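Visitor: Below is one structure. I have some questions about it.
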């Protein structure tokens with residue numbers, strides 16, 4: 024079973040950066056999910072999929088995997104694409120479309 028170590032992305036529904044500072048360890052699924060015939064729910068016998076561990080640094084997560092003998096894969100975070108915009112740009116003469124209400 025391989026573990027993924029990564030920094031979670033920012034929530035798309037919020038503007039804040041909560042829960043993006045720590046590194047997270049998730050296990051990749053060993054078994055595919057199956058659909059239960061009676062109720063139609065998806066289920067799996069793999070209980071490690073439900074486990075998520077949080078670490079302050081990437082090195083702590085790697086040390087945990089090496090200490091426990093867990094193969095791991097580190098996914099480096101991408102820097103966020105920031106677009107600088109000023110309120111005055113709404114009224115600039117160089118706009119393609121004129122500003123109207």
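Residue numbers (our numbering): 24 to 124. Glycine residues also receive a C-beta, built at the ideal position from the N, C-alpha and C atoms. Source: prediction; values computed, not measured.
With a threshold of 8 Å on Cβ separation, who are the neighbours of residue 65 within its own chain once the five nearest residues in sequence on each side are excluded?
Guide: Locating residue 65 in the chain shown gives position 42, where the first residue counts as 1. Excluding positions up to five away in sequence, the list reads 56, 57, 58 and 59.
Visitor: Under three-state DSSP, which class holds residue 114?
Guide: Translated into positions along the chain shown, residue 114 becomes position 91. Reduced to three states, the DSSP call for residue 114 is helix.
Visitor: Taking the Cβ atom as the reference point for each residue, do residue 31 and residue 42 lie within a distance shorter than 8 Å?
Guide: The residue you call residue 31 lines up with position 8 of the chain shown. The residue you call residue 42 lines up with position 19 of the chain shown. Yes, the Cβ-Cβ distance between residue 31 and residue 42 is below 8 Å.
Visitor: Measure the C-alpha to C-alpha separation of residue 24 and residue 112 and round it to an integer number of angstroms.
Guide: By one-based count along the chain shown, residue 24 stands at place 1. By one-based count along the chain shown, residue 112 stands at place 89. Their Cα atoms are separated by approximately 51 Å.
Visitor: Count the other CB atoms within 10 Å of the CB of residue 110; is the residue buried (16 or more) or exposed (fewer)?
Guide: On the chain shown, residue 110 is found 87 positions in, with the first residue counted as 1. Exposed.
Visitor: Check for me: the alpha helix (DSSP H) holding residue 83 runs from which residue to which?
Guide: Within the chain shown, numbered from 1, the residue matching residue 83 stands at position 60. That run of the alpha helix (DSSP H) goes 81-91.
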